[in-house]
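**Q** Structure provided below as structure tokens; questions to follow.
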Amino acid sequence: MALSMHDIALPVFTQQLGALAEILNETQAHADARELDADQFLAARLSPDMYNMAIQVRQATDHVQRCVAKLTGIDELDFGPEEEAMDYCRARIAKTLEFIQAVPADKFEGSEDRPIELQTRVRLMHFPGRDYLLHFVFPQFLFHVTTAYDIARSAGVTLGKRHYLGAIPQSE
Numbered sequence: 001m002a003l004s005m006h007d008i009a010l011p012v013f014t015q016q017l018g019a020l021a022e023i024l025n026e027t028q029a030h031a032d033a034r035e036l037d038a039d040q041f042l043a044a045r046l047s048p049d050m051y052n053m054a055i056q057v058r059q060a061t062d063h064v065q066r067c068v069a070k071l072t073g074i075d076e077l078d079f080g081p082e083e084e085a086m087d088y089c090r091a092r093i094a095k096t097l098e099f100i101q102a103v104p105a106d107k108f109e110g111s112e113d114r115p116i117e118l119q120t121r122v123r124l125m126h127f128p129g130r131d132y133l134l135h136f137v138f139p140q141f142l143f144h145v146t147t148a149y150d151i152a153r154s155a156g157v158t159l160g161k162r163h164y165l166g167a168i169p170q171s172e
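Per the numbering used here, the very first residue in the sequence shown carries number 1; after that it's consecutive.
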């Protein structure tokens, strides 16, 4: 039996968004143990020319919800006003997970060949749905999750690979 776009996308998005939420939880615990404001970690960045942690979370969730919307033809999620606060970032992840998990699998049917048009800051891009997911969204999404992890690590938060990998599905 062939894998559907739903079967390819949703498990990866769900696992890594869960991992991103755990990274934020560990960052919060790190701040609490030191009587620090956890929101200050959201302003941290790896390099002056890179996005901070809050924007890494925003980018990760935007790539996921936009992908699901484009592949299924449904409206994109509206997150409301953006904030650089730990509670907002965690709620944004939860809202994204709720959004993608509510989309029926049959909405993804035929999306592998659906024409996708995407305006980036640099140019207008065109993809079949399969290439959009595999060669644009997955690398972008995973980059932002990885960078959020790296920012937390560089700020002294104790994280290991298990935090990045998240809950790995296993058979009985």
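Where is the CB? At the ideal position from N, CA and C, for every residue including glycine.
Given the structure is predicted, the values throughout are model-derived calculations rather than measurements.
Would you mind stating whether Leu77 and Gln59 have Cβ atoms separated by less than 9 Å?
**A** no
**Q** Counting only runs of 3+ residues fully inside the segment 109-148, write out the beta strand (DSSP E) ranges in chain order.
**A** 115-119 and 124-128
**Q** So which of Leu17, Ile168 and Pro48 has the shortest CA-CA distance to Asp62?
**A** It is Leu17 whose Cα lies nearest to the Cα of Asp62.
**Q** What does the alpha-carbon distance come out to for the pair Glu22 and Thr146?
**A** 13 Å
**Q** Exposed or buried, Gly172, counting other C-beta atoms within 10 Å across all chains shown (16 or more means buried)?
**A** For clarity, residue 172 is Glu in the given sequence; the question names Gly instead. Answer is exposed; the Cβ neighbour count stays below 16.
**Q** What is the rounded straight-line gap between the Cα of Thr72 and the Cα of Pro128?
**A** 13 Å
**Q** What does the alpha-carbon distance come out to for the pair Ala31 and Arg45?
**A** 16 Å
**Q** To the nearest angstrom, report how far apart Asp113 and Ile100 are at their CA atoms.
**A** Asp113 and Ile100 have their C-alpha atoms some 20 Å from each other.
**Q** Can you tell me whether DSSP reads Ser154 as helix, strand or coil?
**A** helix
**Q** For Ile168, which of helix, strand or coil comes out of DSSP?
**A** coil
**Q** Helix, strand or coil for Asn52 per DSSP?
**A** Note: Asn52 maps to coil in three-state DSSP.
**Q** Could you have a look at Arg45 and say whether DSSP puts it in helix, strand or coil?
**A** coil
**Q** Around the C-beta of Met224, are 16 or more other C-beta atoms found within 10 angstroms, so that it is buried, or is it exposed?
**A** Since the first residue of the chain shown is 1 and the last is 172, residue 224 is not available in this structure.
**Q** If His163 and Ala19 are in contact, beta carbons under 8 Å, what's the gap, nearest whole angstrom?
**A** 7 Å
**Q** Taking only three categories from DSSP, how would you classify Glu83?
**A** coil
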